[in-house]
Amino acid sequence: RKEVEQDPGPFNVPEGATVAFNCTYSNSASQSFFWYRQDCRKEPKLLMSVYSSGNEDGRFTAQLNRASQYISLLIRDSKLSDSATYLCVVGNNAGNMLTFGGGTRLMVKP
Amino acid sequence: NAGVTQTPKFRVLKTGQSMTLLCAQDMNHEYMYWYRQDPGMGLRLIHYSVGEGTTAKGEVPDGYNVSRLKKQNFLLGLESAAPSQTSVYFCASSYIRVRETQYFGPGTRLLVL
């Protein structure tokens, strides 16, 4: 079993739609959680951290469920520029390593 | 402020050849990392360094060596390239206090024939 699992997609949605991605992780001792964004043939960039209380950044909302070892990302009012691959990332308890999921590809269409 | 840079951007090697990938950062970061990214596999950590003169193995270290002689540089070496090492290699760096926010370089595409 992969340590961090994501549905690879692609998710094809129209502009303005709301879309949600999920991710599960296997190490219950994991301490930190993130979503990174990766555009085609580019490097990953941090999108947002994920906290137990949930957090929101504009149109993006991230949730963490430690009991179920589950992370989610919700994107509201999708824009064409949101088209990218979204990587679920989990940090180990020592804080010196990140484990990346395989990514979920989003395509927003006009 | 260039951030994280990688050299070269693209390289083709024959099986058995050696090469060194260079990563440089100008943000005074303590931590540096080398990853490889393969289709459907996500990024996998090869080696990392928590400071000048230190290195440690990641998830997939076999076939690679690293050195961190200067704080700003992290080198990844392939002594005898194999087709299985065909991949995109990303370098990243981070501050001590926010280690999980990693800043990535643009990547090196390596093809081993």
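Protein chains in written order, with the numbering used here: chain Y, 405 to 514; chain F, 4 to 116.
Ideal Cβ placement from N, Cα and C applies to all residues, glycine included.
None of these values were measured; they are calculated from a predicted model.
* To do: Rounded to whole angstroms, what's the CA-CA distance from Y/L510 to Y/L451? Just pull it up for me.
  => Residue numbering aside, residue 510 of chain Y sits at position 106 when the first sequence is read from its first letter. Residue numbering aside, residue 451 of chain Y sits at position 47 when the first sequence is read from its first letter. Going from the Cα of Y/L510 to the Cα of Y/L451 covers about 14 Å.
* Give the straight-line distance between the Cα atoms of F/Y34 and Y/R480, rounded to the nearest whole angstrom. => Sequence index remark: in the second sequence, residue 34 of chain F carries index 31 (1-based). Sequence index remark: in the first sequence, residue 480 of chain Y carries index 76 (1-based). Rounded to the nearest angstrom, the two C-alpha atoms are 34 Å apart.
* Are there three or more Cβ pairs, one per stretch, closer than 8 Å when the stretch 495-512 of chain Y is compared with the stretch 434-449 of chain Y? -> yes
* Measure from the C-beta of Y/P448 to each C-beta in chain F and report whether the shortest distance is under 7 Å. => Here residue 448 of chain Y corresponds to residue number 44 of the first sequence, with the count starting at 1. By this cut-off, Y/P448 is an interface position.
* To do: Decide yes or no for the touch test of the stretch 81-93 of chain F against the stretch 10-28 of chain F: beta carbon pairs closer than 8 Å, at least 3 of them.
  => yes
* Relative to chain Y, which residues along the stretch 95-112 of chain F have a C-beta separation below 7 Å, given in chain order? -> R102, E103, T104, Q105, F107, G108, P109, G110
* F/V53 versus chain Y: which residues are under 9 Å apart at the beta carbon? -> Here residue 53 of chain F is taken as the residue at index 50 of the second sequence, counted from 1. Those within 9 Å of F/V53 in chain Y are N500.
* Looking at the C-beta of F/G45, does it have a partner C-beta in chain Y at a distance below 7 Å? -> As a first step, residue 45 of chain F must be located in the second sequence, where it is residue number 42. Output row for F/G45: interface = yes.
* Beta-carbon spacing of F/Y3, F/R14 below 7 Å -> The displayed coordinates of chain F run from 4 to 116. Any statement about residue 3 of chain F would go beyond what the structure contains.
* Could you tell me whether the Cβ atoms of Y/L484 and Y/V512 are closer together than 7 Å? => Taking the first sequence and counting its residues from 1, one reaches residue 484 of chain Y at position 80. Taking the first sequence and counting its residues from 1, one reaches residue 512 of chain Y at position 108. Yes, Cβ-Cβ distance for Y/L484 and Y/V512 is below 7 Å.
* **Where F/I99 falls, given that 16 or more other Cβ within 10 Å makes a residue buried** => In the second sequence, counting from the first residue as 1, residue 99 of chain F sits at position 96. F/I99 should be labelled exposed.
* To do: Rounded to whole angstroms, what's the CA-CA distance from F/H1 to F/K74? Just pull it up for me.
  => Because chain F in this structure spans residues 4 to 116, residue 1 of chain F falls outside the shown range and cannot be described.
* Output, in chain order, the set of chain F residues within a Cβ distance shorter than 9 Å of Y/F425. => As a working mapping, residue 425 of chain Y is identified with position 21 in the first sequence. Per Cβ cutoff of 9 Å: no residues; Y/F425 is ~14 Å from chain F at best.
* Asked: Between the beta-carbon of Y/F425 and the beta-carbon of Y/Y490, is there less than 7 Å?
  -> On the first sequence, residue 425 of chain Y is found 21 positions in, with the first residue counted as 1. On the first sequence, residue 490 of chain Y is found 86 positions in, with the first residue counted as 1. Contact: yes.
* Per-residue contacts from Y/L491 into chain F (C-beta, under 8 Å) -> Indexing the first sequence from 1 puts residue 491 of chain Y at position 87. Ordered by position in chain F, the residues that pass the 8 Å Cβ test against Y/L491 are G45, L46.
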